[in-house]
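Per my numbering, numbering of the sequence shown is gapless, rising by one per residue and ending at 1249.
Every residue gets a Cβ at the ideal spot worked out from N, C-alpha and C, and that includes glycine.
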Amino acid sequence: MADERDKSESIDLQEAVARSMSEPESGKATVQVVKRERPAAGSERERGRARADEDSDAPRVYVVGVWRRAAAGLVDLACVSPVLLLAAWLALRVARLPIGERFGPETLIELLLWGGAGFYGTLALCIAIALLYALIFVALTGRTPGLRLLGARVINVYGERPEWWRVVLRCLAMMLSVALAGLGLLWIGFDREKRGLHDWIAGTYVIRARPAPRAAVARSTAPA
């Protein structure tokens, strides 16, 4: 059921970079992971011939839609919440801000409006912890625990685990996606490549961990 709700579309990573993608008739989405080499010296014709040879044998994988990614995000939030709550409690105690029984919705609104350096320092600490959580897991393994549980991972435009600088850029861009009233994240549901603003900025894709079977690919890409 989760696979049907994703409603991803077939895209070729190499063609996606060139912005010239073709969509299959099937409702499920496959992404051709082109294990191409980094740009190197040589004539344009030779590089084009090499890319064509790679494309013919390139495996395909499914991209992940908004619902599966949202579920992975909730799992990650559950994983990091204990650390966030402990850090927030300690920071609020140090800043001598109201906590415990005195801390309610009205107090939270007052802190957001007039919290001062203590409150905003606590907020910045929590954001930094969440970003560090995502950065370490994605940079080292290509996926967070939430993505692992949901059977997904992050790749770059070369079909590989993203580089450190790309992961850092993706985390920073994710803050921008959230700051824009969450529109950068909601865009995943409308983008035919199932990429959010942070994915576009960093040059990443979120795909299913296992490649699509070649038989399924043949059916999904066969002409009507």
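Neighbourhood of residue i by C-beta, 8 Å cutoff - its chain only, sequence neighbours within 5 removed
i, result
"Gly1209", "Ala1198, Met1199, Leu1201, Ser1202, Val1203, Gly1221, Leu1222, His1223"
"Pro1107", "none"
"Leu1205", "Leu1222"
Within 8 Å, strictly: CB atoms of residue i and residue j
i, j, result
"Ile1232", "Val1091", "no"
"Ala1234", "Arg1191", "no"
"Leu1109", "Ile1180", "no"
"Arg1195", "Thr1229", "yes"
"Gly1143", "Ala1120", "yes"
"Val1105", "Tyr1158", "yes"
Assigned secondary structure, residue i (DSSP; H/G/I helix, E/B strand, else coil)
i, result
"Ala1204", "helix"
"Val1088", "strand"
"Arg1168", "coil"
"Arg1173", "helix"
"Arg1233", "strand"
"Leu1209", "The sequence as given places Gly at residue 1209; Leu does not occur at that position. Helix, per DSSP."
"Arg1195", "helix"
"Phe1162", "helix"
"Pro1107", "helix"
Where the beta strand (DSSP E) containing residue i begins and where it ends
i, result
"Val1179", "1177 to 1181"
Cβ shell of residue i (< 6 Å), same chain only, five flanking positions each side left out
i, result
"Ala1164", "Trp1189, Val1192"
"Leu1156", "Cys1196"
"Ile1213", "Val1091, Lys1219, Gly1221"
"Ile1226", "Ala1198"
Terminal residues of the alpha helix (DSSP H) in which residue i lies
i, result
"Asp1224", "1222 to 1227"
Inset, instruction - Taking 8 Å as the threshold, find out whether the segment 1162 to 1175 comes into contact with the segment 1093 to 1100 through three or more Cβ pairs. - result: yes
Inset, instruction - Flag this pair as touching only if the segment 1141 to 1148 and the segment 1103 to 1123 have three or more C-beta atom pairs under 8 Å; answer yes or no. - result: yes
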